[in-house]
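Heads up, the thing below is written out as structure tokens.
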Amino acid sequence: MVDRVIATEAALQLIAELHREHGALMFHQSGGCCDNSAANCYLPTDLTIGPQDVLLGHVGGMPFYIGKLQYDYWKHTQLILDVIDGHGGTFSLEGSTGKAFHTRSRLFTDEEWASVRDQVERDLA
């Protein structure tokens, strides 16, 4: 099965830096409220994950979640966690580094979609 979320080398490096500094991390793809639509990096105790969230996979060994409603919209895409220069979200741990996590996406191919479709349906049930 194809990964539903992956990370660029730059993102993996920033994750490793934040992990060394803070310990365990987690990501949540924001639905666009306070920090627009951004992947925010948190300590596991900073955000409550519940039945309204979907675990897409892991990046740099850290869990990556997305809200079900947003996932229903993006279910046909692979999310690609990247890093850009600038300030991250006000709630995200990388905010003071001068870098920001940034989510890119690409549509799954027909073959890839066939391999993830059943999991997507289970996640959204």
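Heads up: the sequence shown runs through residues 123 to 247, numbered per the working numbering. The beta-carbon is built from N, C-alpha and C at its ideal position, and this holds for glycine as well.
- Ala161 is the residue among Glu131, Ala161, Lys197, Ala236 whose C-alpha sits nearest the C-alpha of Pro185.
- Relative to the Cα of Pro166, the nearest Cα in the group Val176, Leu147, Arg226, Asp240 belongs to Leu147.
- Rounded to the nearest whole angstrom, the C-alpha separation of Arg126 and Leu246 is 14 angstroms.
- By the beta-carbon neighbour count (other beta carbons within 10 angstroms, threshold 16), Val124 is exposed.
- When rounded, the separation of the alpha-carbon atoms in Phe213 and Tyr187 is 15 angstroms.
- A contact is defined here as three or more CB-CB pairs under 8 angstroms, and the segment 190 to 208 meets this definition with respect to the segment 226 to 240.
- When secondary structure is reduced to three states using DSSP, Leu140 falls in the helix class.
- Under the DSSP definition of a beta bridge, Gly217 lacks any partner.
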